[in-house]
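S.K.: Numbering (the UniProt record's numbering), first residue to last: 1 to 349.
Here it is: the structure, laid out below.
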Ligand SMILES: NC(=O)c1ccc[n+]([C@@H]2O[C@H](COP(=O)([O-])OP(=O)(O)OC[C@H]3O[C@@H](n4cnc5c(N)ncnc54)[C@H](OP(=O)(O)O)[C@@H]3O)[C@@H](O)[C@H]2O)c1
């Protein structure tokens with residue numbers, strides 16, 4: 001091997017390691033990545049309108065705060081708790097001014113309740129004549145398996161299916177916004193943890209996704225679904241007549257939020273302390289965790305990518321690149337949503 005070739009290979013291996021560190025950890029480590037993006041680079045968003053699920057705390061709050069700081073005209077936040085949204089709005093009012101806090105419209109909605117998701121999406125679409133940004137971020141973390149009232153695995157119902165329903169009902173206003181000469185950007189909050197999906201995942205039936213695969217398997221499968229949906233949307237919407245409606249998936253890194261400090265103790269009451277406290281000094285802050293999403297919904301002109309912190313497109317797992325899994329997942333999603341809501345909510349493109 002020539003010296004040049006060896007040096008090239010070494011550099012790329014070293015940079016790969018640096019990228020992995022930058023993707024996952026906070027502080028100075030986050031600056032080691034080959035591609036950089038900072039929240040200060042978020043462009044001016046005057047006149048634009050966004051929807052952020054889970055924008056009241058954690059990474060979603062980091063995204064919501066940044067969009068408002070950069071002059072977003074209107075922000076719909078979809079989440080569960082009135083206490084959390086009040087706290088979020090109070091922080092925005094104190095730090096960015098009352099005018100910015102007044103731009104927030106809260107919609108209380110459990111993403112596992114797909115009839116309610118449809119109702120909320122239709123109310124938003126009626127209330128705004130444009131929608132430039134959709135951040136599908138809310139999520140159930142690494143927790144025990146549970147079924148929703150519709151009898152569907154809660155990880156899949158919230159993290160994947162609820163967001164697909166939301167996107168479906170918001171899509172007409174997003175397409176209209178794009179047709180008026182704007183770039184519309186959608187992000188799905190995925191994770192490197194998608195690699196923890198059970199190896200035998202086929203998305204072949206509801207019985208399969210309702211099988212308890214353990215906290216990491218449950219979570220990983222729902223994050224794999226977000227990546228497959230991203231590719232499906234890119235292929236069937238962006239590449240089929242809507243080149244200015246972009247969708248990308250993101251990995252925020254290992255971020256200090258309720259999920260990684262509190263929720264982790266539900267499945268792992270004692271060993272969870274390794275993640276909640278042991279790892280906390282190395283985690284990203286909620287603002288560092290917001291970086292890839294802000295890049296994805298304000299800056300990139302690509303679609304169908306897996307954007308890892310800070311702004312590095314990465315190759316997802318082999319399962320995330322499988323066309324068979326992608327088609328199975330979306331067929332199952334359409335059928336389950338239609339059947340379980342008695343046809344009241346549907347998935348459409
Ligand atoms: N933290 C990490 O290290 C990490 C790593 C990779 C990916 N992620 C992903 O990043 C996203 C944000 O998580 P986070 O870490 O910021 O967690 P978080 O602080 O716990 O925030 C979760 C947000 O989701 C909302 N939410 C939860 N369940 C919901 C439901 N059923 N319907 C509607 N909204 C719901 C919550 O609403 P309330 O505020 O009303 O409770 C909250 O705003 C998730 O998709 C997560 O899986 C996180």
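All C-beta atoms, glycine included, are put in the ideal place defined by N, C-alpha and C.
Computed from a predicted structure; not experimentally measured.
Identify the continuous alpha helix (DSSP H) that holds residue 313 and give its terminal residues.
M.R.: Premise fails: residue 313 lies in the beta strand (DSSP E), 312 to 314, not in any alpha helix (DSSP H).
S.K.: As an exercise, report each continuous alpha helix (DSSP H) stretch of at least 4 residues that is fully enclosed by the stretch 159 to 191, in chain order.
M.R.: 163 to 179
S.K.: Can you list the beta strand (DSSP E) stretches of 3 or more residues lying completely in the stretch 88 to 148, in chain order?
M.R.: 104 to 108, 133 to 136
S.K.: Mind listing, in chain order, the continuous alpha helix (DSSP H) runs of no fewer than 4 residues lying wholly within the stretch 198 to 252?
M.R.: Listed in chain order, they are 206 to 209, 214 to 233.
S.K.: Return the bridge partner residues of residue 153 from the DSSP annotation.
M.R.: 147
S.K.: Contact check, residue 252 vs residue 309 under 8 angstroms by CB: the rounded distance?
M.R.: 6 angstroms
S.K.: Under the assumption that residue 227 contacts residue 336 (Cβ atoms under 8 angstroms), give the Cβ distance between them as a whole number of angstroms.
M.R.: Actually they are not in contact, since the Cβ atoms of residue 227 and residue 336 sit about 19 angstroms apart, beyond 8 angstroms.
S.K.: Rounded to the nearest angstrom, how far is the Cβ of residue 248 from that of residue 303, given a contact under 8 angstroms?
M.R.: Yes, residue 248 and residue 303 are in contact; Cβ-Cβ is about 6 angstroms, under 8 angstroms.
S.K.: List, from N- to C-terminal side, the beta strand (DSSP E) runs of 3 residues or more that fit wholly inside the stretch 311 to 343.
M.R.: 312 to 314
S.K.: So what's residue 77 in DSSP terms, helix, strand or just coil?
M.R.: Residue 77 falls in the strand class under three-state DSSP.
S.K.: By the DSSP assignment, the beta strand (DSSP E) with residue 53 in it spans what residues?
M.R.: 49 to 53
S.K.: Could you work out which residue in 21, 104, 22 is closest to residue 56 when comparing CA atoms only?
M.R.: When each option's Cα is compared against that of residue 56, the closest is 104.
S.K.: Kindly indicate which three-state DSSP category residue 257 falls into: helix, strand or coil?
M.R.: coil
S.K.: Helix, strand or coil for residue 299, going by three-state DSSP, please let me know.
M.R.: coil
S.K.: Is it buried or exposed, residue 14, if we count other Cβ atoms within 10 angstroms and call 16 or more buried?
M.R.: exposed
S.K.: For residue 266, which residues from the same chain have a beta carbon less than 7 angstroms from its beta carbon, with the 5 sequence-adjacent residues on both sides left out?
M.R.: 143, 144
S.K.: What is the residue span of the alpha helix (DSSP H) that residue 25 lies within?
M.R.: Careful: residue 25 lies outside any alpha helix (DSSP H) and carries neither H nor E.
S.K.: Would you check whether ligand 1 has a heavy atom nearer than 6 angstroms to the C-beta of residue 267?
M.R.: no
S.K.: Hey, would you say residue 50 sits closer than 7 angstroms to residue 72, going by beta carbons?
M.R.: Yes. Within cutoff.
S.K.: Within this structure, are the beta carbons of residue 58 and residue 258 separated by less than 7 angstroms?
M.R.: yes
S.K.: So if DSSP puts residue 264 in a beta bridge, which residue, or which two residues, is it bridged to?
M.R.: Bridge partners of residue 264: none, in fact.
S.K.: Using only the alpha-carbon positions, how far apart do residue 20 and residue 263 sit?
M.R.: 25 angstroms
S.K.: Looking only at DSSP bridge pairs, what is residue 17 linked to?
M.R.: The partner list for residue 17 (beta bridge, DSSP) is empty, contrary to what the question assumes.
S.K.: Does ligand 1 have even one heavy atom less than 6 angstroms from the beta-carbon of residue 112?
M.R.: yes
S.K.: Give the single residue among 173, 324, 114, 65 whose Cα lies nearest to the Cα of residue 128.
M.R.: 173
S.K.: Roughly how many angstroms lie between the CA atoms of residue 293 and residue 342, to the nearest whole one?
M.R.: 34 angstroms
S.K.: For the candidate residues 152, 69, 285, 269, whose alpha-carbon lies nearest to that of residue 41?
M.R.: Here the closest residue by C-alpha is 69.
S.K.: With respect to the alpha helix (DSSP H) encompassing residue 59, which residues constitute its N-terminal and C-terminal limits?
M.R.: 58 to 69
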